[in-house]
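K.L.:
For reference, the structure I am asking about is given below.
Protein chains: 2
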Amino acid sequence: MPTVTTAVRPSKIPHPDTDAIELATVLRTVGDPLRLELVRLLADGVERSCTELQSRLGLPASTGSYHLRLLREAGVTRTRAAGTQRHISLRRDDLERRFPGLVDVLLRAG
Amino acid sequence: MPTVTTAVRPSKIPHPDTDAIELATVLRTVGDPLRLELVRLLADGVERSCTELQSRLGLPASTGSYHLRLLREAGVTRTRAAGTQRHISLRRDDLERRFPGLVDVLLRAG
Chain F
1 MPTVTTAVRP SKIPHPDTDA IELATVLRTV GDPLRLELVR LLADGVERSC
51 TELQSRLGLP ASTGSYHLRL LREAGVTRTR AAGTQRHISL RRDDLERRFP
101 GLVDVLLRAG
Chain V
111 MPTVTTAVRP SKIPHPDTDA IELATVLRTV GDPLRLELVR LLADGVERSC
161 TELQSRLGLP ASTGSYHLRL LREAGVTRTR AAGTQRHISL RRDDLERRFP
211 GLVDVLLRAG
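Here you go:
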C-alpha cells in the first residue's frame, strides 16, 4: 500500500523573514498616521481580525486591506488566514530582535 | 537724528518648532535609504555643508537639496544659511526630547 504523504501546505500569505526586514521600509510604512494607529491597536499582543481592525478605525474594507497588506509586506505584522477571515498580529519579537527599541518608540510617542 | 533700528532679520529658512514635530512625518521622512544615510552622516553632531553631504553621497545638487529640504521640513535637521552656503545639522536634542530613543534606533540598526 502506498504511503500517502500529507503535504505541508505552504501559507498563501507571504511574509518577509525577520532578517530580511529593512529599517527604511518599516519606517516608511509606519510613517503614516493610520498605519501607526494600527500598530498601536495591535501593541497589546492580541491577534485581531481584519474586520475588527477596520471597524475600530472606521475604514472601508478595501482601505483596511491595503494598509494591512503594506504592514505585512514590510514585516511589521503577521497575517493568518482562517477560512475567509484574516487575523493580524504585530511581529513585536521579530521587530525587537531586528531593531531594538523601535516598537517602544512607536508606542510611546504622542 | 532718527534712530535706525537694526531689524533682526528672520531666518528665511523655516523649521517646525520642536513641539510641532510629528512622529509619522519623521518616520516617513527617514524611511528612505538615502535620507537615513544623511541622518547617519550627521549623527556625530558636526554641522556639515550641503555640498559636503551631497558629495559624500554622490548626489547631484538638485537631488541633495530635495532630500535635505524634506528632512528640514520634517524637523529632523536644521539648515543654517551662511552666504550662499547652507549648513546642516541633526536636531538630535529636539528629536530626543520629542521621541525618546528614536535617533538611537536609527543609528543602531543595520
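Line by line, the protein sequences are chains F and V.
Sequential numbering from 1 applies to the first sequence in the numbering used here.
Sequential numbering from 111 applies to the second sequence in the numbering used here.
Don't be surprised by glycine CBs; every beta carbon is placed ideally from N, CA and C.
These numbers come from a predicted model, not from an experiment.
Quick one, which residues of the segment 42-68 of chain F are near chain V if we go by CB-CB under 7 Å, in chain order?
P.N.:
Those residues of the segment 42-68 of chain F that come within reach of chain V (Cβ to Cβ, closer than 7 Å) do not exist; the list is empty.
K.L.:
Can you find a CB in chain F that lies within less than 7 Å of the CB of V213 of chain V?
P.N.:
By this cut-off, V213 of chain V is not an interface position.
K.L.:
Specify the secondary structure class of A74 of chain F as computed by DSSP and reduced to three states.
P.N.:
A74 of chain F: helix per DSSP, three-state reduction.
K.L.:
How would you label I88 of chain F, buried or exposed, when you count the other beta carbons within 10 angstroms and need 16 or more for buried?
P.N.:
Per the 10 Å Cβ criterion, buried.
K.L.:
Helix, strand or coil: which one does DSSP assign to L90 of chain F?
P.N.:
Here L90 of chain F sits in strand by DSSP.
K.L.:
For the structure I just gave you, are there three or more beta carbon pairs, one from the segment 13-24 of chain F and one from the segment 50-59 of chain F, closer than 8 Å?
P.N.:
No: the two stretches stay apart, fewer than three of their Cβ pairs being nearer than 8 Å.
K.L.:
Whole angstroms are fine: how far does the CA of I131 of chain V sit from the CA of L200 of chain V?
P.N.:
Going from the Cα of L200 of chain V to the Cα of I131 of chain V covers about 14 Å.
K.L.:
Leaving out five residues before and five after L36 of chain F in sequence, what residues of the same chain have Cβ atoms less than 8 Å from its Cβ?
P.N.:
So the qualifying residues of the chain are V30, L106.
K.L.:
Could you name the residues of the same chain whose beta carbon sits closer than 7 Å to that of R166 of chain V, not counting the 5 residues immediately before and after it, in chain order?
P.N.:
Here the set comprises L151.
K.L.:
Please confirm whether any heavy atom of the ligand COA lies closer than 6 Å to the CB of A184 of chain V.
P.N.:
Only the bare structure without any ligand can be found here, which leaves the ligand COA out of the picture.
K.L.:
According to DSSP, is T135 of chain V part of a helix, a strand, or is it coil?
P.N.:
Looking at T135 of chain V - three-state DSSP - the assignment turns out to be helix.
K.L.:
Return yes when the Cβ of Q54 of chain F is within less than 7 Å of the Cβ of G64 of chain F, no when it is not.
P.N.:
Contact: yes.
K.L.:
So, does the CB of V186 of chain V fall closer than 7 Å to a CB anywhere in chain F?
P.N.:
For V186 of chain V, the answer is no, since every Cβ of chain F falls outside 7 Å of its Cβ.
K.L.:
For D94 of chain F and L102 of chain F, what's the separation of their Cα atoms in angstroms?
P.N.:
One C-alpha to the other measures close to 11 Å.
K.L.:
Are R196 of chain V and T189 of chain V closer than 7 Å when you measure CB to CB?
P.N.:
Cβ distance < 7 Å, so R196 of chain V and T189 of chain V count as in contact.
K.L.:
Classify A171 of chain V: buried if its beta carbon has 16 or more other beta carbons within 10 angstroms, exposed otherwise.
P.N.:
That one is exposed.
K.L.:
I'd like to know whether the C-beta atoms of P143 of chain V and A24 of chain F end up nearer to each other than 7 Å.
P.N.:
Cβ atoms of P143 of chain V and A24 of chain F: closer than 7 Å.
K.L.:
Can you say whether R108 of chain F is buried or exposed, counting buried as having 16 or more other CB atoms within 10 angstroms of its CB?
P.N.:
By the neighbour-count rule (16 or more Cβ atoms within 10 Å), R108 of chain F is not buried but exposed.
K.L.:
State yes or no: is the beta carbon of R138 of chain V nearer than 7 Å to at least one beta carbon in chain F?
P.N.:
Closer than 7 Å to some Cβ of chain F, the Cβ of R138 of chain V qualifies, so yes.
K.L.:
Let me know if R98 of chain F comes out buried or exposed under the rule of 16 or more other beta-carbons within 10 Å of its beta-carbon.
P.N.:
Buried, by the Cβ-count rule.
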